[in-house]
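Numbering (our numbering), first residue to last: 5 to 215. What follows is a single structure, written as structure tokens, with notes after it.
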């Protein structure tokens, strides 16, 4: 084995070690989830969402459809709809988006929409007024059961995440979500991603909670 080959092998081992100790990080932008009634209200009776891009989480995908979010103070156009359809409509925005719209979203895990503000969704001449469903997604880590065992964490556990990024920082109160339906990845919203200088491919180190 010559020097170049040894160096390449060492680099491969280092990369494998880093990947084994860290999780992939992803930035999640503003988006909308719709139920069947919401799809038909915005796009017409019998309408079906058009899948254009698979997302990292199995079964989740971005759609061709876009809507405008209309709040008391402003609006945000060209907001992507994600599929598949859900049991209830939900709008996920950042806290900065909330300032633009004039809405104060609580920080929640996806699906926890009780006692949340509503908003108006518009597509062309069609409108859908949601009485609730606007949240800022709580930072979290999707994890397979196997990876949860490897990292020594459990579903619902709060951990810290050290972002190995251009502007490294440590996020507190990151919730672990474990399911066989998940692919392992840490999800931040755009405010958090910008704060740490995130770039696609960056990874994070899971640390015990400070409490």
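Each residue gets a CB set at the ideal place from its N, CA and C atoms; glycine is no exception.
**Prompt:** When burial is assigned at 16 or more other CB atoms within 10 Å of the CB, is residue 120 buried or exposed?
**Reply:** buried
**Asked** So, helix, strand or coil for residue 199, using DSSP?
**Response** The answer is helix: DSSP assigns residue 199 an H, G or I state.
**Asked** Taking one C-beta from the segment 191 to 202 and one from the segment 133 to 151 each time, how about it: are there three or more such pairs within less than 8 angstroms?
**Response** yes
**Asked** Would you say residue 148 and residue 206 are within 8 angstroms of each other, going by their C-beta atoms?
**Response** The Cβ atoms of residue 148 and residue 206 lie no closer than 8 angstroms to each other.
**Item:** Boundaries (first-last residue) of the alpha helix (DSSP H) holding residue 100
**Value:** Segment 99 to 105, the alpha helix (DSSP H) holding residue 100.
**Local Cβ density within 10 Å of residue 197, reported as buried at 16 or more and exposed below that** = buried
**Prompt:** By a C-beta neighbour count over all protein chains shown, 10 Å radius and 16 as the cutoff for buried, is residue 18 buried or exposed?
**Reply:** Confidence in residue 18 is poor, its pLDDT being 48 and thus under 50, which makes the residue's placement unreliable; the coordinate value appears in the next sentence. Exposed: under 16 other Cβ atoms inside 10 Å.
**Asked** To the nearest angstrom, how far is it from the Cα of residue 130 to the Cα of residue 51?
**Response** 13 angstroms
**Request:** Measure the Cβ-Cβ separation of residue 46 and residue 67 and say whether it is below 8 angstroms.
**Result:** no
**Spatially closest choice to residue 113 from 86, 74 and 160, by CA coordinates** = Measuring from the Cα of residue 113, the nearest candidate turns out to be 160.
**Request:** Ignore the nearest five residues each way along the sequence and tell me which others in residue 122's own chain have a CB closer than 6 angstroms to its CB.
**Result:** 134, 135 and 136
**Request:** Look at the alpha carbon of residue 49 and the alpha carbon of residue 26, and state the distance between them as a whole number of angstroms.
**Result:** 46 angstroms
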